[in-house]
Structure formats: structure tokens, C-alpha cells
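S.K.: Residue numbers (numbering that gives the first Met the number 0): 0 to 77.
For each residue, glycine too, the CB sits at the ideal point set by N, CA and C.
Treat the numbers as computed from the prediction; the structure is a model and nothing was measured.
Sending over a structure as C-alpha cells; questions will come in a sec.
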Amino acid sequence: MTFWQRFASTRAVPGRCGACLYFDNEPATLEANFAAMVTMGSGFASVRSRDGICALRGVYLSDSAGCGSFNQRPGKQG
């Protein structure tokens with residue numbers, strides 16, 4: 000189990016990363032942050048699912064992760 004899985008499972012989280020203001024899973028953002036991704040495929044690839052980057056913590060994670068710093072993004076359900 001990863002750190003984030005343990006972190007999310009041991010605390011009541013107010014929402015999930017996919018609906019958080021700090022979460023960015025735009026393909027162009029991922030490719031800009033991971034220059035070597037070109038050799039692995041693309042930020043547009045289906046293998047990354049809906050993963051993205053937390054701007055608050057600077058980590059790559061799943062949209063289903065969550066933490067206590069959740070901040071609802073307007074127009075998204077958490």
C-alpha cells in the first residue's frame with residue numbers, strides 16, 4: 000500500500016483529488032512537468048487514467064486519492 004493509500008484510508012477526507020482545486024490532470028500540464036513522458040507515451044495516453052498533479056503538494060496521484068487539504072473546485076462534485 001502506498002503512502003497516499005494509507006493516508007487516505009486512515010483519515011476522513013472531505014473530498015477526492017479529482018474534484019479539488021489543487022488537482023490538475025490536463026495532458027499538457029503533465030507533459031510539461033514530466034518531460035521524459037514523451038519517451039513513455041503521452042500525457043494524453045489512456046494508461047494514466049485520470050491521474051494528475053497536486054499543485055499543493057507537488058505529487059503525481061490518482062484522481063480518487065484525497066486528503067484533509069481538499070478545496071472544492073467550482074463545478075465539480077467531491
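(1) In three-state DSSP terms, what is residue 66?
(2) Helix, strand or coil: how does DSSP classify residue 17 here?
(3) Between the Cα of residue 68 and the Cα atoms of 74, 61, 53, which residue gives the shortest distance?
(4) How far does the beta strand (DSSP E) with residue 60 in it extend, from its first residue to its last?
(5) Measuring straight from C-alpha to C-alpha, what distance separates residue 59 and residue 16?
M.R.: Reading from the atomic positions:
(1) coil
(2) helix
(3) Ranking the options by Cα distance to residue 68, first place goes to 53.
(4) 58 to 60
(5) 11 Å
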